[in-house]
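K.L.:
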Amino acid sequence: EWALSVLEWVDSRVSKEVIESLMGLSPWDSAMTRALIYAFRPPVSHVNTRSTLEDVGMLEIDPKTRKRRCKKSQVADGEDRMREVYDVISCPEGWFKKPFLNVLEGCNVSGFDCPTGSGVVGCTCNPCTLGQDV
Numbered sequence: 006e007w008a009l010s011v012l013e014w015v016d017s018r019v020s021k022e023v024i025e026s027l028m029g030l031s032p033w034d035s036a037m038t039r040a041l042i043y044a045f046r047p048p049v050s051h052v053n054t055r056s057t058l059e060d061v062g063m064l065e066i067d068p069k070t071r072k073r074r075c076k077k078s079q080v081a082d083g084e085d086r087m088r089e090v091y092d093v094i095s096c097p098e099g100w101f102k103k104p105f106l107n108v109l110e111g112c113n114v115s116g117f118d119c120p121t122g123s124g125v126v127g128c129t130c131n132p133c134t135l136g137q138d139v
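Written as structure tokens, this is what we have:
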């Protein structure tokens, strides 16, 4: 399940049309079946999504504006997008982030099939390990 969000600068009429179009799609439309999507539904609240993003360290508060923003990676321009996503993963206290290559293989090791070429961006499984396992 993925949340669809609207940026502040997007015209509300445009976002309304996009939402209406997505909600009007049938699970049997070719675009839906190709994307392996069954349905779109309106969210009740984004609080859970925001809390999850904060918990995993992908959302932070800008010290100047005091507004929430996506955490920026320290990856140099031209480096792999998968590495950029890996850089913003944080683990709970007592847990440690596994090495990049281990995270890339995490879903296969866990028995999940990921779409080809999705890497960490579309398929991240089990990126952290308990301190005693390090």
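In our numbering, the protein residues as written are 6 to 139.
Where a beta carbon is used, it is the ideal one built from N, C-alpha and C, also for glycine.
Since this is a predicted model, take the numbers as computed values, not measurements.
What does I66 pair with, by DSSP beta-bridge criteria?
P.N.:
Numbered from 1 along the sequence shown, position 61 holds the residue referred to as residue 66. Note: I66 sits in a beta bridge opposite R73.
K.L.:
Spatial neighbours of R101 within its chain, please: C-beta separation below 7 Å, excluding the five flanking residues on both sides.
P.N.:
Here residue 101 corresponds to residue number 96 of the sequence shown, with the count starting at 1. Note that residue 101 is Phe in the sequence shown here, rather than Arg. Around F101: C133, T134, G136, V139.
K.L.:
Does the beta-carbon of E13, which I'm using as the reference point, lie nearer than 7 Å to any heavy atom of the ligand NAD?
P.N.:
Here there are no bound small molecules, and the ligand NAD is not part of this structure.
K.L.:
Please report the straight-line C-alpha distance between R18 and I24, rounded to a whole angstrom.
P.N.:
Stepping through the sequence shown from its first residue, residue 18 is reached at position 13. Stepping through the sequence shown from its first residue, residue 24 is reached at position 19. R18 and I24: Cα-Cα distance of roughly 10 Å.
K.L.:
Who are the near neighbours of F45 in its chain, counting only those whose CB is closer than 7 Å to its CB and skipping five residues on each side?
P.N.:
As a first step, residue 45 is located in the sequence shown; it is residue number 40 there, counting from the start. L27, M28, L30, listed in sequence order.
K.L.:
Given this structure, state the Cα-to-Cα distance separating D92 from R73, to the nearest angstrom.
P.N.:
Locating residue 92 in the sequence shown gives position 87, counting from the first residue. Locating residue 73 in the sequence shown gives position 68, counting from the first residue. One C-alpha to the other measures close to 18 Å.
K.L.:
Buried or exposed: T129, going by 16 or more other Cβ atoms within 10 Å of its Cβ?
P.N.:
Locating residue 129 in the sequence shown gives position 124, where the first residue counts as 1. Its Cβ being crowded by 16 or more others within 10 Å, T129 is buried.
K.L.:
Return the bridge partner residues of T134 from the DSSP annotation.
P.N.:
Translated into positions along the sequence shown, residue 134 becomes position 129. DSSP, once it has assigned bridges, lists F101 as partnering T134.
K.L.:
Classify T129 as helix, strand or coil using the three-state DSSP reduction.
P.N.:
As a first step, residue 129 is located in the sequence shown; it is residue number 124 there, counting from the start. Looking at T129 - three-state DSSP - the assignment turns out to be coil, as it is neither helix nor strand.
K.L.:
Compare the beta carbon distance of V61 and S95 with 8 Å and say whether it is the shorter of the two.
P.N.:
The residue given as residue 61 occupies position 56 in the sequence shown. The residue given as residue 95 occupies position 90 in the sequence shown. In contact: V61 and S95 (Cβ atoms closer than 8 Å).
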